[in-house]
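Each remark here refers to the structure printed beneath this line.
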Amino acid sequence: MDVILGFQEVDEIVMKGFKEPTKGDTEESKKAYKENKKPDCKSLQRQYELLSMGEQKTIEEYVGRIQVVVNAMRVCDKVVKDRKIVEKILRTLTPQYDHIAMAIEESKDLEKMRVEELQNSLEAHEQRLIERRTAEKNVLQSTNQALQARSGQTYKNHGTDRGREKSRGGRGGRNGGKFTNIVE
Numbered sequence: 001m002d003v004i005l006g007f008q009e010v011d012e013i014v015m016k017g018f019k020e021p022t023k024g025d026t027e028e029s030k031k032a033y034k035e036n037k038k039p040d041c042k043s044l045q046r047q048y049e050l051l052s053m054g055e056q057k058t059i060e061e062y063v064g065r066i067q068v069v070v071n072a073m074r075v076c077d078k079v080v081k082d083r084k085i086v087e088k089i090l091r092t093l094t095p096q097y098d099h100i101a102m103a104i105e106e107s108k109d110l111e112k113m114r115v116e117e118l119q120n121s122l123e124a125h126e127q128r129l130i131e132r133r134t135a136e137k138n139v140l141q142s143t144n145q146a147l148q149a150r151s152g153q154t155y156k157n158h159g160t161d162r163g164r165e166k167s168r169g170g171r172g173g174r175n176g177g178k179f180t181n182i183v184e
């Protein structure tokens, strides 16, 4: 809920805009401007802290959301290093990316890693996951089709004339399925 409310505050600034103090403004108006700017920056900081990757989001969407918030924070004169962003992304990924996050943390120098480099690595992994899911669905679908085709050919019309006392001399009934008149 805080994220939504924080977004509404940012959205209001984007839609309406704001007046930056000019060089001729007094110190008092510059102070007022800074005081008005503080809550916006705090809400952006809170938004950044609460961001996490949803189950239905792609890597591109998630990193894009983080970049939007970080860029807004940088406008507020907040220094946000790429290292912190990289750590944030790796920390807040969904569990399906845990093993790739661990591999990246162990194999790469996070101090020098750029957000774009991390995004490319994660998107490549995401693409492999999607391809595997698609391949598994296709295999399952073709297996089901093969089973349906086989069962349709092998057992077609079986069981329709089975049972007791059928007109074609089926099993059961008196005298092994043969009808005779019994006179008393």
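Under the UniProt record's numbering, the residues of the sequence shown are numbered 1 to 184, in order. We put the beta carbon where it would ideally sit given N, CA and C, even for glycine.
My output table needs one value for residue i: the three-state DSSP class, helix, strand or coil.
| i | result |
| --- | --- |
| MET53 | coil |
| ARG114 | coil |
| LEU93 | coil |
| ASP82 | helix |
| CYS76 | coil |
| LYS88 | helix |
| LYS42 | helix |
| THR26 | coil |
| THR58 | coil |
| LYS137 | helix |
| ASP109 | coil |
Nearest-angstrom Cα distance between residue i and residue j?
| i | j | result |
| --- | --- | --- |
| LEU147 | ARG133 | 21 Å |
| ILE130 | GLN47 | 29 Å |
| ILE66 | GLN127 | 20 Å |
| LEU93 | GLU105 | 13 Å |
| GLU27 | VAL70 | 29 Å |
| MET53 | ALA149 | 43 Å |
| LEU90 | ALA135 | 27 Å |
| TYR62 | LEU110 | 19 Å |
| LEU51 | HIS99 | 21 Å |
| SER107 | GLN96 | 19 Å |
| LEU140 | ALA101 | 30 Å |
Report all residues from its chain with a CB closer than 6 Å to the CB of residue i; omit the five preceding and five following residues, and keep chain order.
| i | result |
| --- | --- |
| MET73 | LEU44 and VAL80 |
Beta-carbon within less than 7 Å of residue i's beta-carbon, same chain only, minus the 5 sequence neighbours each way: which residues are those?
| i | result |
| --- | --- |
| ILE59 | GLN119, LEU122, GLU123 and GLU126 |
| ARG114 | ASP82 |
Could you tell me whether the Cβ of residue i comes closer than 8 Å to any Cβ of chain E?
| i | result |
| --- | --- |
| GLU111 | Protein chains in the displayed structure number just one, and chain E is not present. |
Problem - Three-pair Cβ contact test at 8 Å for the region 80 to 97 versus the region 107 to 118 - result: The region 80 to 97 is in contact with the region 107 to 118.
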